[in-house]
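Data block below; observations after.
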Amino acid sequence: MTKFHRIPLSRRRYVQTIGAIVAVGSGLTNIGTVAADSGDEIWSFETEDRINSSPTVVDGTVFVGCDDSNLYAIDTGTGEQEWVFETGDGVVSSPTVVDETVYVGSNDNHLYAVDAVAGEQKWAFETDDRINSSPTVVEQTVYVGSYDNNLYAVDAATGEQKWVFETDGGVYSSPTVVNGIIYVGSWDDNLYAVNATTGDQEWVFETNDSIDSSPTVVDETVYVGSNDKHLYAIDTETGEQKWAFETNYGIESVPTVADGTVYVGSRKTLSTDGGTLYAIDAATGEQEWIFESPGVTTAPIPSSPTVADGTVYVGTDNRTLYAVDAATGSQEWVFRSEGAIDSSPIVVDGTLYVGSDGGFAKGNLFAIETDSQGSSEDSRVMLGVLGHHNDWRYSGQQINAPPTASIRVDANRPTVDEPVIFEGTNSSDPDGSLTSYEWVIDDTVHSGETVEYVFTSTGTFSVELTVTDDDGATDTTTTSVTVKSAEINNGSSAIDESDSDGEADNQNESNENSSTGLGFSIVIAGLGSIAAGLGGLAYLLKKRLNDE
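According to the UniProt record's numbering, the sequence shown holds residues 1 to 548 in order.
Shown next as structure tokens:
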């Protein structure tokens with residue numbers, strides 16, 4: 001049952017930071033604004049339990065779950081509650097917002113779809129265990145993991161199950177969907193690549209411990225952490241390892257990539273100490289720098305970093321949010337809360353939002369001033385893995401439809417040393433455009449929509465065309481071409497010419513017959529003339545004799 005109630009807003013520093021508010025007549029008037037320094041609290045919203053969920057910010061509203069069983073919608077400008085949606089247990093899952101619908105999991109075993117404006121339930125989908133995994137929505141399908149060992153695909157409009165993919169361990173990891181493939185980790189120590197349409201496994205990559213971390217994908221590489229103390233870079237196509245980076249503790253934090261660098265935190269599981277923020281070269285796996293929170297012990301970092309305008313922001317279990325220079329790893333400023341910050345921060349238009357444990361069975365959602373006007377630009381946020389904002393790359397988009405390659409050979413009878421034209425003009429992309437045409441002809445590589453090639457020997461040769469669309473999807477097709485010598489083809493022509501000659505011979509024969517007939521007619525006509533002449537001569541001789 002859905003319930004609505006209001007939670008009080010903490011104003012500890014809201015008036016100091018935003019401005020002085022005085023009563024005038026029957027209303028309130030803002031008579032001044034005081035500029036905040038980096039790391040200063042703009043406002044805080046107090047809840048009845050800690051916030052481990054990571055906030056999502058869309059159209060001026062912050063959406064975040066809480067261990068008090070609620071999903072909250074908070075105004076970004078004022079920190080005032082817009083609505084609250086109550087589930088049956090704690091909400092660790094981070095909400096995803098698509099087409100004015102909020103999708104979020106709960107420890108009551110349900111995935112919920114909630115109206116983003118009204119806060120009213122649209123549907124609920126039940127699994128057999130709690131859902132800490134954060135849903136991803138692509139092409140009207142919601143993908144989410146459950147502690148019941150399964151990854152689910154659910155219709156975004158109806159809440160009906162489309163398919164289920166079973167692993168051998170709980171799925172705490174949040175799925176990432178790129179180019180029609182889902183990447184998700186499991187407590188069975190494996191990272192899976194699953195076809196988003198069919199639910200069939202594409203490949204599996206095994207680590208040496210459970211995977212709490214959620215994967216991120218950049219430039220055909222999957223990055224994921226494992227509790228075996230390694231960050232892995234894996235080829236998206238083959239599932240083969242590119243490199244592995246060893247950390248000091250297990251990785252629950254979601255890695256994020258910005259400007260060619262992977263940022264990820266580590267923690268010592270079930271311990272109050274141990275944790276490091278790493279910056280790693282995304283291509284080579286080489287360490288660029290590390291950051292450890294100052295003090296006797298370093299605080300665990302289950303929080304996932306975000307990057308905005310050259311600064312990395314990450315929370316720790318020592319009640320501190322750190323702002324660190326993305327290039328050097330040097331500390332810029334800190335923000336102190338009353339409890340651990342396991343929630344993952346997000347920056348929107350220069351304001352950072354993050355949840356925390358508020359201490360004394362309370363929690364807080366904070367809005368914090370940064371020194372920029374930018375927004376989170378890292379892969380975790382842009383892919384919507386764990387929290388996102390308005391510029392979420394995949395919000396409402398469809399899974400890219402692959403192109404179709406087609407080969408046309410512009411020659412009926414290819415011969416040696418004669419050019420043959422190969423055309424890819426009939427290739428197509430149903431939802432975009434083609435960006436490249438790559439040919440392999442007789443083991444030589446060519447590019448272009450149309451290619452001219454000269455074969456130097458006879459035989460049957462393979463021709464392969466691979467086309468790539470504007471989303472990076474490819475399709476390959478092959479055909480074969482039989483090349484003959486010019487003499488053989490001339491012989492073929494001679495055969496054709498022989499046929500023509502046969503027709504000509506028949507024609508000549510006909511002409512000869514026609515000529516013979518004509519000659520015969522002439523002879524007959526001549527004989528007739530001779531006979532007529534002889535008859536006339538006989539008449540004249542007879543007349544002369546009679547006269548004598």
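Here a beta-carbon is modelled for each residue, glycine too, at the ideal position from N, C-alpha and C.
Could you spell out the range, first to last residue, of the alpha helix (DSSP H) harbouring R380? 379 to 382
List the endpoints of the continuous beta strand (DSSP E) containing Y143. 141 to 145
Output the distance between the C-alpha atoms of A36 and D129, rounded to the nearest integer angstrom. Confidence is the limiting factor: at A36 the pLDDT is only 47, short of 50, which leaves the residue's position unreliable, though a coordinate-based value still follows. Those two C-alpha atoms are separated by around 44 Å.
By the three-class DSSP mapping on this structure, what secondary structure does residue 608 have? Any answer about residue 608 is impossible in this case: the structure gives the chain only from 1 up to 548.
Top-ranked residue by Cα proximity to W187, from N208, W203, D200, D442: N208
State the Cα-Cα distance for the pair S375 and D115, rounded to the nearest angstrom. 25 Å
If we count Cβ pairs, one from each stretch, closer than 8 Å, do we get three or more for the region 53 to 68 versus the region 97 to 115? yes
Excluding the five sequence neighbours on either side, which residues of its own chain have a C-beta within less than 8 Å of the C-beta of V204, listed in chain order? N190, L191, Y192, A193, G239
Count the CB pairs spanning the region 307 to 325 and the region 229 to 247 that are closer than 8 Å, and state whether there are at least three. no
Taking just the CA atoms, how far does L151 sit from N195? 12 Å
Nearest to D40 (by Cα), restricted to the options T306, G185, D371: D371
What three-state label does DSSP hand D317 in the structure shown? coil
Measuring CA to CA, which of M382, V463, G432 is closest to F424? For the record, residue 424 in the displayed sequence is Gly; it is not Phe. Selected option, being the one with the closest Cα: V463.
Tell me L386's beta-bridge partners as DSSP assigns them. Note: L386 sits in no beta bridge, so no partner.
With DSSP collapsed to three states, give me the class of G77. coil
Inside the region 138 to 220 only - beta strand (DSSP E) runs reaching at least 3 residues: Listed in chain order, the complete beta strand (DSSP E) runs (minimum 3 residues) inside the region 138 to 220 are 141 to 145, 150 to 155, 161 to 166, 176 to 178, 181 to 185, 190 to 195, 201 to 206, 216 to 218.
Run through DSSP, which three-state label would P403 get? coil
Per DSSP, the bridge partner or partners of V409: The partner list for V409 (beta bridge, DSSP) reads F422.
Once the 5 residues before and after D448 are set aside, which same chain residues still bring their CB inside 7 Å of it? What sits at residue 448 in the sequence shown is Gly, not Asp. The beta carbon of G448 lies closer than 7 Å to those of Y437 in the same chain, with the five residues before and after it left out.
For the beta strand (DSSP E) containing E246, list its first residue and its last residue. Per DSSP, the continuous beta strand (DSSP E) segment holding E246 begins and ends at 241 to 246.
Could you tell me which of G363, D342, A367, K362 sits nearest to G353, measuring between CA atoms? For clarity, residue 353 is Tyr in the given sequence; the question names Gly instead. For the residues G363, D342, A367, K362, the minimum Cα distance to Y353 belongs to A367.
Suppose you measure from the CA of V91 to the CA of L386; what does that come to, to the nearest Å? 13 Å
Determine the burial state of G472: buried for a count of at least 16 other Cβ atoms within 10 Å of its Cβ, exposed for fewer. exposed
Determine, using beta carbons only, whether V420 and F455 come nearer to each other than 8 Å. Yes.
DSSP bridge partner residues for I441 (one or two, in chain order): T444, V463
Does K229 come out as helix, strand or coil in the three-state DSSP assignment? In the structure shown, K229 sits in coil (DSSP, three-state: anything other than H, G, I, E or B).
Short Cβ contact (8 Å threshold) for I51 with G355: Contact flag set, yes.
R336, enclosing beta strand (DSSP E) - first and last residue: 331 to 336
Helix, strand or coil for F125, going by three-state DSSP, please let me know. strand
Can you look up N70 in the DSSP assignment and give me helix, strand or coil? strand
First and last residue of the uninterrupted beta strand (DSSP E) at Q287: Taken as a continuous stretch (DSSP letters only), the beta strand (DSSP E) holding Q287 covers 287 to 291.
Tell me whether R413 is buried or exposed, calling it buried when 16 or more other Cβ atoms sit within 10 Å of its Cβ. exposed
In whole angstroms, what is the alpha-carbon distance linking Y172 and N70? 19 Å
Helix, strand or coil: how does DSSP classify D342 here? Shown here, D342 sits in coil according to DSSP, grouped into three states, outside any helix or strand.
Where do the ends of the beta strand (DSSP E) carrying F63 lie? Counted as a single uninterrupted DSSP element, the beta strand (DSSP E) harbouring F63 occupies residues 61 to 65.
Span of the beta strand (DSSP E) holding A258? 256 to 258
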